[in-house]
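From first to last, the protein sequence lines are chains A and B.
Position one of the first sequence corresponds to residue 20 (our numbering), numbered consecutively onward.
Position one of the second sequence corresponds to residue 152 (our numbering), numbered consecutively onward.
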Amino acid sequence: AQSVTQPDIHITVSEGASLELRCNYSYGATPYLFWYVQSPGQGLQLLLKYFSGDTLVQGIKGFEAEFKRSQSSFNLRKPSVHWSDAAEYFCAVGDNNNDMRFGAGTRLTVKP
Amino acid sequence: GAGVSQSPRYKVAKRGQDVALRCDPISGHVSLFWYQQALGQGPEFLTYFQNEAQLDKSGLPSDRFFAERPEGSVSTLKIQRTQQEDSAVYLCASSLDFDNEQFFGPGTRLTVL
Numbered sequence: 020a021q022s023v024t025q026p027d028i029h030i031t032v033s034e035g036a037s038l039e040l041r042c043n044y045s046y047g048a049t050p051y052l053f054w055y056v057q058s059p060g061q062g063l064q065l066l067l068k069y070f071s072g073d074t075l076v077q078g079i080k081g082f083e084a085e086f087k088r089s090q091s092s093f094n095l096r097k098p099s100v101h102w103s104d105a106a107e108y109f110c111a112v113g114d115n116n117n118d119m120r121f122g123a124g125t126r127l128t129v130k131p
Numbered sequence: 152g153a154g155v156s157q158s159p160r161y162k163v164a165k166r167g168q169d170v171a172l173r174c175d176p177i178s179g180h181v182s183l184f185w186y187q188q189a190l191g192q193g194p195e196f197l198t199y200f201q202n203e204a205q206l207d208k209s210g211l212p213s214d215r216f217f218a219e220r221p222e223g224s225v226s227t228l229k230i231q232r233t234q235q236e237d238s239a240v241y242l243c244a245s246s247l248d249f250d251n252e253q254f255f256g257p258g259t260r261l262t263v264l
């Protein structure tokens, strides 16, 4: 069965520092992998997704993620965090764009 | 509007009341999804429509939950005899067609007292 684990419930980083949010998945084949961001009162917004090809995926807002099959991971990174990046981040895995299973999320706090 | 809209944004219900939550998808989007997001959790799939056909309702937690999309556009999620455990944010998403990116609405926060 598909499952997603986001080991960090809450992360605090200083503005301008680098960021890495962890995501581990359990899946029988090569999955579709997604990262979404959810700001308070807003809907989920897709940051990036992977389903084939280059394992380093570029997304919006300066985010990137790397698919590592050997580690069953799809960690999200950003080289320099902005205060506006404070939000909840969700990793998801699925068979396709329709069938997504979400992790429990990581809340990001950005210190000035 | 340009995006998915949901109404009401907030709903407080007394235990046992029926509620109806509305989703207006992006115009022309064929696929529509409902998710339930409990506090501190990620969204969990409830049900999926392709036009007016409900193709998957495997995520509906009980027979108190019912969704419809009679004309293939607006959808309503109805919860009968609400219970406290139904308190959550209910998210709607739409996509252009099967296997395209889903666009999410802001959600309806339901609180059952």
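Backbone N, C-alpha and C define an ideal beta-carbon position, used for all residues, glycine too.
- Message: Along the chain, where does the beta strand (DSSP E) containing threonine 233 of chain B start, and where does it finish?
- Response: That residue, threonine 233 of chain B, is in no beta strand (DSSP E); it is neither H nor E in DSSP.
- Message: Given this structure, state the Cα-to-Cα distance separating isoleucine 230 of chain B from phenylalanine 217 of chain B, to the nearest angstrom.
- Response: 6 Å
- Message: Would the stretch 171-182 of chain B count as touching the stretch 51-66 of chain A if we require 3 or more Cβ pairs under 8 Å?
- Response: Because the criterion of three Cβ pairs below 8 Å is not met, the stretch 171-182 of chain B and the stretch 51-66 of chain A do not touch.
- Item | Pairwise C-alpha distance: phenylalanine 86 of chain A and leucine 264 of chain B | 43 Å
- List the DSSP bridge partners of asparagine 149 of chain A. A query on residue 149 of chain A cannot be resolved here, the shown segment of chain A reaching from 20 to 131 and no further.
- Task: Would you verify that the beta carbon of leucine 52 of chain A is, or is not, closer than 8 Å to some beta carbon of chain B?
- Result: no
- Item | Where glutamate 107 of chain A falls, given that 16 or more other Cβ within 10 Å makes a residue buried | Glutamate 107 of chain A should be labelled buried.
- Item | Within 9 Å of chain C by C-beta, residues of the stretch 172-206 of chain B in sequence order | Absence of chain C from the displayed structure is noted, the protein chains being A and B.
- What does a CB cutoff of less than 6 Å around tyrosine 69 of chain A pick up in its chain, not counting 5 residues either side in sequence? Cβ within range, chain order: Leu52, Val76, Phe86.
- Item | Residue range of the beta strand (DSSP E) that includes phenylalanine 53 of chain A | It spans 51-57 - the beta strand (DSSP E) in which phenylalanine 53 of chain A sits, taken as one unbroken run.
- Give me the Cβ distance between valine 170 of chain B and threonine 233 of chain B, rounded to the nearest whole Å; I'm assuming they're in contact under 8 Å. Taking C-beta atoms under 8 Å as the contact rule, valine 170 of chain B and threonine 233 of chain B qualify, at a distance of about 6 Å.
- Selection from B:Thr198, B:Arg166, B:Asp248, B:Phe254 that minimises the alpha carbon distance to serine 238 of chain B: B:Arg166
- Query: So, does the CB of leucine 65 of chain A fall closer than 8 Å to a CB anywhere in chain B?
  - Reply: yes
- Taking 8 Å as the CB-CB cut-off, is alanine 48 of chain A touching chain B? no
- Taking the alpha-carbon positions, what's the threonine 262 of chain B to cysteine 110 of chain A distance? 26 Å
- Message: Going by DSSP, what residue range makes up the beta strand (DSSP E) through glutamine 90 of chain A?
- Response: Counting along the chain, glutamine 90 of chain A falls outside any beta strand (DSSP E), and DSSP gives it neither H nor E.
- Is the beta carbon of glycine 122 of chain A sitting closer than 8 Å to the one on glycine 193 of chain B? Taking 8 Å as the Cβ cut-off, glycine 122 of chain A and glycine 193 of chain B qualify as a contacting pair.
- Is any beta-carbon of chain B found at less than 8 Å from that of glycine 62 of chain A? yes
- Item | Partner residues on chain A for proline 257 of chain B, Cβ-Cβ distance less than 8 Å | Gly60, Gln61, Gly62
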